[in-house]
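As given, the protein sequences belong to chains A and B, one line each in that order.
Letter 47 of the first sequence, counting from 1, is numbered 57 in my numbering, and no numbers are missing.
Letter 345 of the second sequence, counting from 1, is numbered 897 in my numbering, and no numbers are missing.
From the three backbone atoms N, C-alpha and C, an ideal C-beta is built for every residue, glycine too.
Here the structure is laid out as structure tokens; the discussion comes afterwards.
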Amino acid sequence: MKKIVIREEYCLGCRLCEVHCATAHSKSKNIIKTFKSAQGRPLSALVFEEQGYTTFALQCRHCKDAPCIESCLTSAMYKDKHGTVLHDTEKCVGCWMCIMACPFGVIKPDLKEKKVGSKCDFCTGREKPACVEHCPNHAIILKEYR
Amino acid sequence: MRHLIIGYSVAAISAIKSIREFDKASEIVVLTDETSVYSRPLISYFLAGQVMKNKLSFIPKDFEEEMKITVRWNTAAKKIDSKKKTVLTADNEIIKYDRLLICTGGVPIKLPIDGYFEDISGIFTFVKLGEVEKLIKYIEKNKIKECVILGAGLIGMKAAEGLLARKIKIRIVEMADRLLANTFDKTASALLEEKLKESGSEFLKETTIKKIISKAKKLEALELSSGKTIKTRLLIMAVGVRPNIELCKGTGVAVNRGIVVNTKMETNIPGVYAAGDVAEGREFLSGENAVIAIWPVAARQGGVAGANMAGKITEYDGMFPMNSVTILGVPSISFGLTNPKTADYQILLSSEGGRYKKIVIKEDRIVGVVLVNAIERAGIFGLLIKQKLDVSALKKQLLLDDFGFLVLPRDFRKHFVTGEGTEV
Ligand SMILES: Cc1cc2nc3c(=O)[nH]c(=O)nc-3n(C[C@H](O)[C@H](O)[C@H](O)COP(=O)(O)OP(=O)(O)OC[C@H]3O[C@@H](n4cnc5c(N)ncnc54)[C@H](O)[C@@H]3O)c2cc1C
């Protein structure tokens with residue numbers, strides 16, 4: 011199966027991955043509309059880190075034995091047949107067990123809506139995840155694993 | 553071959569999935585004294601009216617067919633005969649097994665309080681769906697506007713959340729000097745106490761109920777050890793749960809506080825396994841056995857038990873206490889040992905604008921964390937505890953809001969972030 015691999019040595023810190031992630035998950039799929047919408051800037055499913063000159067962006071690792079699924083009290087967090095860890099907002103009650111369990115800290119809570127706010131869905135339906143497609147320096151790549 | 557499972561909740565369901573991963577053919581029979589599968593932690597959301605009854609399940613509708621299991625609803629197990637390898641049900645049916653899994657969970661602890669009788673109306677526990685349905689009926693019929701909760705632990709606070717959502721004023725009676733005393737210190741508790749006060753609720757600390765006063769089998773008032781008497785028509789007993797080990801008496805299955813299991817989730821009797829709130833398995837930090845009554849532990853232990861029952865040898869490496877509790881919009885997450893009793897621990901604290909972080913360190917390893925109003929990326933702390941990472945060089949960064957993988961040693965970070973999956 012394919013995995014998203016991140017390579018911090020190549021990260022420019024441009025944060026285009028976040029912009030394109032948010033856009034790909036917006037209603038309009040349009041960058042300008044997405045970022046100028048009345049609801050404010052949408053959350054991307056990546057966590058961007060920066061310390062001095064080092065940067066990288068991390069998203070859900072779609073773990074084999076995903077601790078977020080094991081901890082989820084409602085089965086809102088689940089795995090599809092391709093091994094992608096997905097999240098069903100309908101079932102989510104915002105108990106934050108997944109925030110507690112995720113060792114990568116890549117699930118973002120929406121404290122107001124009491125639902126998981128954003129979590130990488132591997133861009134289900136797209137040929138390539140938006141962050142991979144738009145990373146100008148191949149810091150985020152797709153790799154085949156068996 | 554027949555796998556027999558007693559109890560049908562998260563530990564059982566994990567076990568079933570795991571058995572079926574390695575063994576498609578054997579028979580699986582489940583005994584449950586309940587009439588549906590529901591997520592126990594959701595009962596407070598059900599009480600609050602935020603989750604409807606038909607949404608309480610956490611398994612697909614066709615789970616039983618898909619897993620090819622037979623579920624015997626409303627059928628309590630009464631007796632185990634581990635020599636004959638049989639279980640007697642409450643209907644006096646004898647069911648044979650080859651492998652047995654006991655995952656009967658916990659039962660509410662009942663304190664011997666003067667004046668308490670089973671049949672007084674207005675006193676409830678808060679563990680099972682059936683009980684909460686009765687509670688809702690009672691609240692609606694009697695137009696309850698106030699109540700008393702005995703115990704400010706996880707279950708008491710969950711009950712509080714559900715009751716507050718129904719606009720019921722609560723008074724919490726607690727022996728300790730703070731809320732969630734198992735994990736919280738006074739600073740963390742104060743953040744919640746403030747919210748409770750705002751909601752018109754009261755926190756009566758360092759006291760307990762000395763006497764229950766009733767009239768014609770109806771709850772009327774409570775006499776506290778502080779000398780105060782408070783009138784109330786609803787009392788929630790939430791002093792905790794203990795492992796439901798009733799079934800093991802006289803069977804030879806070794807019990808301590810819970811059913812003692814090895815790292816394969818097997819009891820001292822070969823072929824008999826236990827998992828979840830009833831089991832006493834390995835605790836990661838101490839390396840000793842302990843009962844950790846939380847959902848993820850039940851899920852993990854059930855999975856390990858199931859694999860071993862199906863013949864796939866799998867080891868449980870132990871977990872540590874952790875929880876996520878949100879009360880009145882204040883989210884908190886805790887891990888491990890948060891209130892050390894001896895002086896050989898270092899404690900890092902930050903408290904700013906209602907955001908509280910506490911990190912407990914022993915011999916340069918994190919062993920406990922409390923986060924209140926600051927839960928973002930909390931799981932990374934769980935990882936650091938599990939991996940026993942030496943944090944001596946990063947103590948300054950641990951409390952900062954931009955704390956993340958970039959402050960961790962490069963090798964450690966790369967090992968976890970790149971590659972196929974987690975090794976957590
Ligand atoms: C109100 C509340 C809120 C909670 N919130 C959280 C939370 O936020 N996070 C968290 O991690 N944990 C939480 N927990 C704890 C969590 O629910 C438990 O850890 C988990 O349900 C344990 O699962 P289990 O499968 O071991 O047992 P249980 O879920 O307790 O299930 C045991 C089952 O066995 C059945 N049974 C018992 N005896 C017999 C018998 N003799 N014959 C047949 N069947 C029997 C019982 O009826 C029950 O259905 C909460 C618990 C409560 C009560």
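{"query": "Cβ distance (whole Å) where L731 of chain B is taken to contact A790 of chain B below 8 Å", "result": "The Cβ separation is near 12 Å, so there is no contact."}
{"query": "Chain A contact for A851 of chain B (CB, 8 Å cutoff)", "result": "yes"}
{"query": "Within the segment 98-136 of chain A, ranges of the beta strand (DSSP E) (whole runs, at least 3 residues)", "result": "118-120 and 125-128"}
{"query": "Euclidean distance between Cα positions of I811 of chain B and I797 of chain B", "result": "7 Å"}
{"query": "Check whether A149 of chain A and Y20 of chain A have beta carbons under 8 Å apart", "result": "yes"}
{"query": "For E595 of chain B, three-class secondary structure by DSSP", "result": "For the record, residue 595 of chain B in the displayed sequence is Ile; it is not Glu. I595 of chain B falls in the helix class under three-state DSSP."}
{"query": "Any chain A beta carbon closer than 8 Å to M817 of chain B", "result": "no"}
{"query": "C-alpha distance - C133 of chain A paired with D90 of chain A, whole-angstrom precision", "result": "13 Å"}
{"query": "I621 of chain B versus H555 of chain B: straight-line alpha-carbon distance, rounded", "result": "10 Å"}
{"query": "6 Å CB neighbourhood of Y668 of chain B in its chain, flanking five on each side removed", "result": "I764"}
{"query": "Local conformation of V976 of chain B per DSSP, three classes", "result": "For V976 of chain B, the predicted structure reports a pLDDT of 28, less than 50, and the residue's modelled location is therefore unreliable. A value from the coordinates is still provided. Three-state DSSP puts V976 of chain B in coil, outside helix and strand."}
{"query": "Closest by C-alpha distance to A806 of chain B, when choosing among B:L787, B:V793, B:E832 and B:A742", "result": "B:E832"}
{"query": "Status (buried if at least 16 other CB within 10 Å, exposed otherwise) for G920 of chain B", "result": "buried"}
{"query": "Spatial distance of E972 of chain B from C73 of chain A (CA atoms)", "result": "At E972 of chain B the pLDDT is 49, less than 50, meaning the model places this residue with poor confidence; the figure from the coordinates comes in the next sentence. Their backbone Cα atoms lie some 8 Å apart in a straight line."}
{"query": "Element boundaries [alpha helix (DSSP H), containing M619 of chain B]", "result": "F615 to M619"}
{"query": "Whole-number beta carbon distance between E745 of chain B and F736 of chain B, since they are thought to touch under 8 Å", "result": "Their Cβ separation, rounded to whole angstroms, is 10 Å, which puts F736 of chain B and E745 of chain B out of contact at 8 Å."}
{"query": "First and last residue of the uninterrupted alpha helix (DSSP H) at A711 of chain B", "result": "L706 to A717"}
{"query": "Contacting positions in the segment 873-902 of chain B - beta carbon closer than 7 Å to chain A", "result": "M874, S876, T878, P883 and I885"}
{"query": "Coil, strand or helix - A629 of chain B by DSSP", "result": "strand"}
{"query": "Within chain B, partners of S85 of chain A - CB distance below 9 Å", "result": "S591, S609, F610, I611 and P612"}
{"query": "Per DSSP, the bridge partner or partners of P795 of chain B", "result": "B:G658"}
{"query": "Below-8 Å beta-carbon distance, L653 of chain B vs any chain A residue", "result": "no"}
{"query": "Simplified DSSP assignment, three categories, for P883 of chain B", "result": "strand"}
{"query": "Residues bridged to C699 of chain B [DSSP beta-bridge criterion]", "result": "B:I722"}
{"query": "4 or more residues per run - each alpha helix (DSSP H) lying fully within the segment 719-804 of chain B", "result": "738-750"}
{"query": "Beta-bridge partners of R651 of chain B, as assigned by DSSP", "result": "B:H555"}
{"query": "is_contact[E80 of chain A, chain B] using C-beta, thresh 8 Å", "result": "yes"}
{"query": "Cβ shell of D916 of chain B (< 7 Å), same chain only, five flanking positions each side left out", "result": "D942, V943 and S944"}
{"query": "Neighbouring residues, chain B, relative to E59 of chain A (Cβ below 7 Å)", "result": "G956, F957 and L958"}
{"query": "Cutoff 8 Å: A711 of chain B Cβ touching any chain A Cβ", "result": "no"}
{"query": "Chain-ordered neighbours of T64 of chain A on chain B, where CB pairs are closer than 7 Å", "result": "L958"}
{"query": "Beta carbon of I654 of chain B nearer than 8 Å to that of V830 of chain B", "result": "yes"}
{"query": "Where V103 of chain A meets chain D, residues with beta-carbon distance less than 8 Å", "result": "The structure shown contains no chain D; its protein chains are A and B."}
{"query": "Minimum Cβ-Cβ distance from P961 of chain B to chain A less than 8 Å", "result": "no"}
{"query": "Proximal chain A residues relative to P848 of chain B, where beta-carbon distance stays under 8 Å", "result": "P77, E80, S81, M107 and A111"}
{"query": "Partner residues on chain A for I844 of chain B, Cβ-Cβ distance less than 7 Å", "result": "Those within 7 Å of I844 of chain B in chain A number zero; the least Cβ separation is about 13 Å."}
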